[in-house]
Amino acid sequence: MSTQSISSSGEEELSIQRLETTKNDLSKRIAKEARGNAILQASLERRKQALHERRLALEQDVTRLHEQLQAERDLRVALEVGLRMSSGQFPGTRGMDSKTRAELEEIALAEADVARLKQKVAELHHQLNQQRQHHSGSLPDVNDSYQQAPTQSLRQKHFQQDFDTTLVVCNHQRKQRTEELTDLRNIKEPLSTSGVSNKQVSEVAENPQNPAATSSTLVELTTRLDFFKEMRSQLMEKLHKLDLNNGSMPHDFVYKLSSPPWN
Numbered sequence: 003m004s005t006q007s008i009s010s011s012g013e014e015e016l017s018i019q020r021l022e023t024t025k026n027d028l029s030k031r032i033a034k035e036a037r038g039n040a041i042l043q044a045s046l047e048r049r050k051q052a053l054h055e056r057r058l059a060l061e062q063d064v065t066r067l068h069e070q071l072q073a074e075r076d077l078r079v080a081l082e083v084g085l086r087m088s089s090g091q092f093p094g095t096r097g098m099d100s101k102t103r104a105e106l107e108e109i110a111l112a113e114a115d116v117a118r119l120k121q122k123v124a125e126l127h128h129q130l131n132q133q134r135q136h137h138s139g140s141l142p143d144v145n146d147s148y149q150q151a152p153t154q155s156l157r158q159k160h161f162q163q164d165f166d167t168t169l170v171v172c173n174h175q176r177k178q179r180t181e182e183l184t185d186l187r188n189i190k191e192p193l194s195t196s197g198v199s200n201k202q203v204s205e206v207a208e209n210p211q212n213p214a215a216t217s218s219t220l221v222e223l224t225t226r227l228d229f230f231k232e233m234r235s236q237l238m239e240k241l242h243k244l245d246l247n248n249g250s251m252p253h254d255f256v257y258k259l260s261s262p263p264w265n
């Protein structure tokens, strides 16, 4: 009986030792796996941070490339305008002095800038109208939407009228400039409203450096150039206001176009 008891006690001790060994082995393996998982987790976090920074950098590159593309398009428009104003297309400019030709080209570039700014204003106005319509459609109060609709329609009508007026004025200015170039080409013909003889007109046409033939033209060209620059400044100010008030339409958005000073 004592021998069996001793044998049973020895087996119990061996079993306990094996279990303790297994426990220690499992604890070590768990700790090893935990360290490996911690390393993998840190690597994953670094990878996520790198991808996030890469995405931000790509977004900035895309924005910069969009701006560069728009700048190249604007430059192309300006160059096309300059080519249309070159002496090859308008034979009458061959007899002009370099200062007059430079004034004409600068006016053409100013017109192109004004046209681009007006288009930008129109696009921003359209975007603001869409945002307002979206916000108005999401409001639960239908009466407020009905009250806002006439005001929005009236503002849009005023803007469209001013925009049409601007286009009419620009077309009129372009027509006047074309007529002046034609007059410069045909300056040898008698003028019904002046008392200048045919001989004097021929001398003026053959001598483009004559101050009497170019002074009035330069004055009018300078006046028009100043008018276009002022119009461009006003449009840039409107664009700045629209950027600052992107959430709502400014009350003074309607562009008040003054009459050209040479009319």
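What the sequence shown shows, in my numbering, is residues 3 to 265, in sequence order.
Don't be surprised by glycine CBs; every beta carbon is placed ideally from N, CA and C.
Fair warning: this is a prediction, and the values are worked out from it, not measured in the lab.
Counting of Cβ neighbours within 10 angstroms places R48 among the exposed residues, the total staying below 16. With respect to the 8 Å criterion, L246 and V116 are not classified as neighbours on the basis of their beta carbons. By the beta-carbon neighbour count (other beta carbons within 10 angstroms, threshold 16), A40 is exposed. Sequence-distant Cβ neighbours of A80 in its own chain, meaning closer than 6 Å and more than five residues away, are L111 and A114. Taking a 10 Å sphere around the C-beta of K120, we find 16 or more other C-beta atoms and assign the residue as buried. For the pair H242 and L77, the Cα-to-Cα distance works out to about 22 Å. Taking C-beta atoms as the reference points, L227 and E108 count as a pair closer than 8 Å. With 16 or more other Cβ atoms inside 10 Å of its own Cβ, K240 counts as buried.
With at least 16 other beta carbons inside 10 angstroms of its own, V123 counts as buried.
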